[in-house]
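A short write-up of the structure that comes next.
Numbering (my numbering), first residue to last: 4 to 156.
If you want it as structure tokens, here you go:
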């Protein structure tokens, strides 16, 4: 794993056998940020666990064990229970060019994953903090906003 940070942008390169969620969460904790936007990601991954939130509030899941191309990775990072929490959606393609997508529960890097994160700073005077909370009776954890130093827009 390697990362480069400038201003509010961070580029991450994940290496084989690194899990995407855990890697991003660990990096965010290391650099002291709990809020951000995952704007893009490409690479090759395996053991992809994806799903969608059904009407009953429970995720329906699909597991793809084989290696697939990571075509798109987007989401956000918010604080949950005091730690960085990643909410990511993904599009992958198998070797027959069949596309699968949805909410990403986990994926392990096969070759590489190259990810861009836009960091959301809180400088004590102005900013926003993203948090998530548990929702009783559902797997969904809704996004909440805390504004610092200004009225809500």
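Every residue gets a Cβ at the ideal spot worked out from N, C-alpha and C, and that includes glycine.
When the options are compared against residue i, the one with the closest alpha-carbon
{"i": "residue 12", "options": "133, 121, 135, 61", "result": "121"}
{"i": "residue 55", "options": "91, 6, 139, 124", "result": "91"}
{"i": "residue 97", "options": "80, 49, 79, 116", "result": "49"}
{"i": "residue 112", "options": "37, 134, 52", "result": "52"}
{"i": "residue 148", "options": "81, 107, 94", "result": "81"}
{"i": "residue 34", "options": "5, 100, 18, 102", "result": "5"}
{"i": "residue 1", "options": "25, 119, 72", "result": "Missing from the structure shown is residue 1; the chain here goes from 4 to 156 and no further."}
{"i": "residue 135", "options": "104, 117, 87", "result": "87"}
Per DSSP, cross-strand counterpart(s) of residue i
{"i": "residue 5", "result": "16"}
{"i": "residue 149", "result": "132"}
{"i": "residue 116", "result": "17, 46"}
Buried or exposed (CB count within 10 angstroms, at least 16 for buried), residue i
{"i": "residue 38", "result": "buried"}
{"i": "residue 101", "result": "exposed"}
Own chain partners of residue i with C-beta closer than 6 Å, once the 5 adjacent residues on each side are dropped
{"i": "residue 32", "result": "87"}
{"i": "residue 45", "result": "73, 117"}
What are the start and end residues of each continuous beta strand (DSSP E) run of 3 or more residues lying completely inside the stretch 19-101, in chain order?
-> Here the runs fully enclosed are 39-56, 62-67, 71-83, 86-96.
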